[in-house]
Amino acid sequence: MGAVHARTIAPSPLVDVVAVADTDTAAAAAVAGEIGASPCTTTDHLLETEADGWLIATPTVTHPALVREALAAGVHVLCEKPLSLDVADSAALGSEALAAGKVLQVGFWRRFSPPWAAAKRLIDAGAIGRPLMVRLSQWDADPPPASFCDPKTSGGLAIDCGVHEFDLAEWFTGATVKKVTAFNLPLVDESLADVGDVDNLVAVLEMGDGVVATVDLSRNCRYEDDVRTEILGEQGAIFVDFLPTGRTRLATAAGVEVVPGSETDDAFGAGIRAQAEAFARAVAGEDVDIPLEAASTRAVATGRAIQQAAESGPVDL
Ligand SMILES: NC(=O)c1ccc[n+]([C@@H]2O[C@H](COP(=O)([O-])OP(=O)(O)OC[C@H]3O[C@@H](n4cnc5c(N)ncnc54)[C@H](O)[C@@H]3O)[C@@H](O)[C@H]2O)c1
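Residue numbering for the sequence shown follows my numbering, starting at 35 and increasing by one per position.
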């Protein structure tokens, strides 16, 4: 993921990628060489570059220590999701960033991708009235190795994949998750049993004001990694597609139309780049709407509740 970020952001006129760091020397050198940046293998080495911000895309369990190292050195942070697998520690990181006066943005890239950004603009403009229901799907083609899926290191399906969807549910509706019910589906990749993860789950999120979101996550759709979002409001619906191209459709009594400006062949790349550009603007002191610690903390709390609910029934947050 770090390599994807580096390659995608490098051409941006708003961000100067000065260095690429990885504890794996060859990995750092390969990506840095591709984009004309300095390779680094230690954070001390990285600090010598005097970069204004770090984009942290290391394994999730390493995020808290690296975020703290950056903040202590006066460096702004754009951290991959989730910030921390521990809810209390995640909240503590937010307080520490505030005290340090540094930006701590979380990598919820969908918010910056044209199809989802267009959906949000439509909702805020009242195009479908009050949102009542959201359906969110993230279906991956194939599972990563069981060692990656291990809930202790990545958070497992409910957190590693789910946090994007839980964040969208709250971002689109303006309501917070109050109660969850969840179902793990029959295991497809048996090796996941060894680490205690699952490859398919369905969750119902009861939100404030009676709004309901349903989330379904899969690691075995086989065709391609896919994401779909549908929002039903009082006066119509919004459909966000990722494949075969990113686009947003608005469906109201006037008909169904593709929303101008929402279409992109690369909804992922466009989101990754716009996310980093929003970070650069925030670091420069602009008032930018970016996902902060609280969004990650709530999403991880929802993921934890889903893991518990799948085992023992509905859980209140
Ligand atoms: N937003 C998204 O859609 C998305 C997609 C994939 C991954 N991610 C996130 O990105 C992060 C990385 O995931 P990945 O799949 O790329 O993992 P990965 O294991 O494939 O790669 C991690 C890299 O970090 C390096 N590394 C490990 N510890 C390090 C340290 N202390 N300092 C510097 N480098 C270190 C490793 O050598 C490796 O090159 C995770 O937090 C994951 O949740 C987000």
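Where a beta carbon is used, it is the ideal one built from N, C-alpha and C, also for glycine. If you're wondering where the values come from, they're calculated on a predicted model, not measured in any experiment.
Asked: Helix, strand or coil at R164 [DSSP, three-state]; Found: coil
Asked: Under 8 Å between C-beta atoms of T279 and T298; Found: yes
Asked: R256 versus G303 - alpha carbon distance; Found: 21 Å
Asked: Through-space distance from A329 to L132, alpha-carbon basis; Found: 15 Å
Asked: Option nearest V95 by Cα separation, candidates C113, D86, L119 and E82; Found: L119
Asked: Supposed contact pair V334 and I193 - C-beta distance, whole angstroms, cut 8 Å; Found: 6 Å
Asked: Member of F142, V65 and D56 whose CA lies at the smallest distance from the CA of D78; Found: D56
Asked: Length-filtered (4 minimum) alpha helix (DSSP H) runs lying within the stretch 272 to 332; Found: 301 to 317
Asked: Cα-Cα separation between V232 and T215, rounded to whole angstroms; Found: 16 Å
Asked: Backbone CA spacing between P45 and A107 [nearest angstrom]; Found: 27 Å
Asked: Status (buried if at least 16 other CB within 10 Å, exposed otherwise) for L226; Found: buried
Asked: Contiguous beta strand (DSSP E) assignments of at least 3 residues, all confined to the stretch 53 to 81; Found: 53 to 55 and 72 to 74
Asked: beta-carbon W143 near ligand 1 non-hydrogen atom, thresh 7 Å; Found: yes
Asked: Own chain, CB closer than 6 Å to V293, minus 5 neighbours either side, in chain order; Found: A152, T282 and L284
Asked: Expected contact under 8 Å - CB spacing of L202 and L170 to nearest Å; Found: 6 Å
Asked: Nonlocal neighbours in the same chain, by C-beta distance under 6 Å from I265, ignoring five residues either side; Found: P165, V168, F206 and I272
Asked: Member of T76, V101, I69 and V111 whose CA lies at the smallest distance from the CA of G87; Found: V111
Asked: Cβ neighbour criterion (16 or more within 10 Å) applied to D350; Found: exposed
Asked: Cross-strand partners of I90 (DSSP beta bridge); Found: C113
Asked: Length-filtered (4 minimum) alpha helix (DSSP H) runs lying within the stretch 184 to 258; Found: 196 to 207 and 226 to 229
Asked: Status (buried if at least 16 other CB within 10 Å, exposed otherwise) for A318; Found: exposed
Asked: Neighbourhood of D223 by C-beta, 6 Å cutoff - its chain only, sequence neighbours within 5 removed; Found: P177 and D233
Asked: Where E199 falls, given that 16 or more other Cβ within 10 Å makes a residue buried; Found: buried
Asked: K186 CB to nearest heavy atom of ligand 1 below 7 Å; Found: no
Asked: Closer than 7 Å: K353 CB and nearest ligand 1 heavy atom; Found: The shown model of the chain, from 35 to 351, leaves out residue 353, and the question about it has no answer.
Asked: Between the CA atoms of E291 and E68 - distance to the nearest angstrom; Found: 41 Å
Asked: Which of helix, strand or coil DSSP assigns to S118; Found: coil
Asked: Own chain, CB closer than 7 Å to A175, minus 5 neighbours either side, in chain order; Found: C255, R256, Y257, E258 and D259
Asked: Close Cβ partners of V65 (< 6 Å) along its chain, the five nearest in sequence each way excluded; Found: A37, A40 and V54
Asked: Helix, strand or coil at E264 [DSSP, three-state]; Found: strand
Asked: heavy atom of ligand 1 below 7 Å from L100 C-beta; Found: yes
Asked: Proximity test, T96 beta-carbon vs ligand 1 heavy atom, cut-off 7 Å; Found: yes
Asked: Any non-hydrogen atom of ligand 1 within 7 Å of A93 CB; Found: Residue identity check: residue 93 is Pro in the sequence provided, not Ala. Yes, the beta carbon of P93 sits closer than 7 Å to at least one heavy atom of ligand 1.
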